[in-house]
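Undergrad: If you scroll down you'll find the structure; I have some questions about it.
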Amino acid sequence: MTLPDKRTGRIRISRDVDAAIRNNAPVVAFEWPKEDASIGKTHIARELEAAIVEGGAISAPIVIVDKQVRIGLSSEQLDELTRCGSPQKFQATDIHKLSNFDGFAAPTAGATHMLASKVGIGTVAVGAIGGVHRSHKELLDVSSDIFLFSRYSGCVVCSGVKPFLDIPNTLEMLEALCVSLVGWQTNHLPTYWSSPSSIGLQSRSDDLAELARYANTQDSFGSGSALLVANPIPKGSEIANSILAPLIEQVEREVAESQALGRDLTPRIVARLEDSLGDDLKKASRSLLLSNAILASQLAVARCLPSESTA
Numbered sequence: 007m008t009l010p011d012k013r014t015g016r017i018r019i020s021r022d023v024d025a026a027i028r029n030n031a032p033v034v035a036f037e038w039p040k041e042d043a044s045i046g047k048t049h050i051a052r053e054l055e056a057a058i059v060e061g062g063a064i065s066a067p068i069v070i071v072d073k074q075v076r077i078g079l080s081s082e083q084l085d086e087l088t089r090c091g092s093p094q095k096f097q098a099t100d101i102h103k104l105s106n107f108d109g110f111a112a113p114t115a116g117a118t119h120m121l122a123s124k125v126g127i128g129t130v131a132v133g134a135i136g137g138v139h140r141s142h143k144e145l146l147d148v149s150s151d152i153f154l155f156s157r158y159s160g161c162v163v164c165s166g167v168k169p170f171l172d173i174p175n176t177l178e179m180l181e182a183l184c185v186s187l188v189g190w191q192t193n194h195l196p197t198y199w200s201s202p203s204s205i206g207l208q209s210r211s212d213d214l215a216e217l218a219r220y221a222n223t224q225d226s227f228g229s230g231s232a233l234l235v236a237n238p239i240p241k242g243s244e245i246a247n248s249i250l251a252p253l254i255e256q257v258e259r260e261v262a263e264s265q266a267l268g269r270d271l272t273p274r275i276v277a278r279l280e281d282s283l284g285d286d287l288k289k290a291s292r293s294l295l296l297s298n299a300i301l302a303s304q305l306a307v308a309r310c311l312p313s314e315s316t317a
């Protein structure tokens, strides 16, 4: 007998994901990726799902479709959405508009984590997190991601902080909000498409069982905040900082002239970088997203092992 999807208000959870949550099986929620990260004919969302399943976890993409939050998709639903092109971005502050939303949207990294945490999914794979913009001295522009990570528990595998942000102040704010950050096999903060920065991290892990203990220990204390796992982009896929840094400065000047503010700022910057870097940026994005999905899947499995196995 085929069981129906579980519906809770405006959240609809696929039967596979719901069963896995109830049985404490490994589940990985993932941020729906931009179509621009796809290479060839296979949509990157398909590749992310395959990577998570291959790692031993149940895949739970999170999207907004026609007035509903969908957590987990059937193969047919996934195929249908991959043909819809790039979705709108959906922030936590957009939740009140859900009842009037007809279309396809993808929650931001922080909103994906929030929705996953609300239904009991403790491991999430995203791209990179938002933070404090460099223009904060003129206008306090801070991503809501940071506050969502401070309010909802779980483990978020990411590629560090977006490189066009004020990274030192982003880290200061994470610390002030009690959001833990651990480097995966690195002592330095990853910055999305490029090699890890020169900014040191307070915590590092090189062992999956140890990382699972970190995540489970944090959850067991009920701190209510996330553990961020900063996973560097795979070597050979990164964009050299000597290329990226001056380009970001140039793009920021151009965007400043357009007076883009708030939630319009990051999409403008990313779009200009995509125009300038083309396939190089697309390949870097695909590589880091797949790496994060693989690590998140392995971590979700390790977190479900008996406690003595990770002691």
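Every number in my numbering is 6 more than the matching position in the sequence shown, counting from 1.
Ideal Cβ placement from N, Cα and C applies to all residues, glycine included.
#1: Taking all protein chains shown into account, decide if Leu-301 is buried (16 or more other Cβ within 10 angstroms of its Cβ) or exposed.
#2: Which class does Thr-114 belong to by DSSP, given the choice of helix, strand or coil?
#3: Using the rule of at least 16 other Cβ atoms within 10 Å of the residue's Cβ for burial, across every protein chain shown, is Leu-271 buried or exposed?
#4: State the Cα-Cα distance for the pair Tyr-220 and Ala-306, rounded to the nearest angstrom.
#5: For Leu-207 and Ala-131, I'd like the C-alpha separation in whole angstroms.
#6: Is DSSP giving Glu-263 helix, strand or coil here?
#7: Thinking just about the alpha-carbon of each residue, which of Ser-159, Leu-294 and Arg-259 is nearest to the one in Glu-50?
#8: Can you grab the Cα-Cα spacing for the pair Glu-60 / Pro-113, in whole Å?
#9: Would you mind reading off the limits of the alpha helix (DSSP H) that contains Ser-165?
#10: Using 8 Å as the threshold, is the C-beta distance between Asn-237 and Trp-199 below it?
#11: Quick check on DSSP: helix, strand or coil for Thr-176?
#12: Taking the Cβ atom as the reference point for each residue, do Gly-78 and Ala-63 lie within a distance shorter than 8 Å?
#13: By DSSP, does Val-188 sit in helix, in strand, or in coil?
#14: If you run the structure through DSSP and keep just helix, strand and coil, what is Leu-233?
#15: Looking at the structure shown, is Pro-312 part of a helix, part of a strand, or coil, going by DSSP?
#16: Rounded to the nearest angstrom, how far is the Cβ of Val-148 from that of Met-179, given a contact under 8 Å?
#17: Based on Cα-Cα distance, which residue from Lys-73, Asn-30 and Leu-84 lies nearest to Leu-54?
#18: Just to confirm before moving on: does the CB-CB distance between Cys-164 and Val-69 stay below 8 Å?
#19: Grouping DSSP H, G and I as helix and E and B as strand, with all else coil, what is Val-125?
#20: Assess contact between the stretch 168-188 and the stretch 224-234, defined as three or more Cβ pairs (one per stretch) separated by less than 8 Å. Is contact present?
TA: This is what the structure gives:
#1: When all chains shown are included, Leu-301 counts as buried.
#2: DSSP places Thr-114 in coil when its eight states are reduced to three.
#3: Its Cβ being crowded by 16 or more others within 10 Å, Leu-271 is buried.
#4: Just so you know, the alpha carbons of Tyr-220 and Ala-306 end up roughly 12 Å apart.
#5: Going by the C-alpha atoms only, they are around 20 Å apart.
#6: In the three-state reduction of the DSSP assignment, Glu-263 falls in the helix class.
#7: The residue you asked about is not Glu; residue 50 is Ile in the sequence shown. Nearest of Ser-159, Leu-294 and Arg-259 to Ile-50, Cα basis: Leu-294.
#8: Distance between the alpha carbons of Glu-60 and Pro-113: 24 Å.
#9: Going by DSSP, Ser-165 is part of no alpha helix (DSSP H) at all; its letter is neither H nor E.
#10: Cβ atoms of Asn-237 and Trp-199: not closer than 8 Å.
#11: Taken through DSSP and simplified to helix, strand or coil, Thr-176 comes out as helix.
#12: Cβ distance not < 8 Å, so Gly-78 and Ala-63 don't count as in contact.
#13: DSSP places Val-188 in strand when its eight states are reduced to three.
#14: Of the three classes helix, strand and coil, the one that applies to Leu-233 here is strand, per DSSP.
#15: Shown here, Pro-312 sits in coil according to DSSP, grouped into three states, outside any helix or strand.
#16: That pair is a contact at about 7 Å.
#17: Of Lys-73, Asn-30 and Leu-84, the smallest CA-CA separation from Leu-54 is found for Leu-84.
#18: Taking the C-beta atoms as reference points, Val-69 is found no nearer than 8 Å to Cys-164.
#19: Val-125: coil per DSSP, three-state reduction.
#20: Contact holds: three or more Cβ-Cβ distances are below 8 Å.
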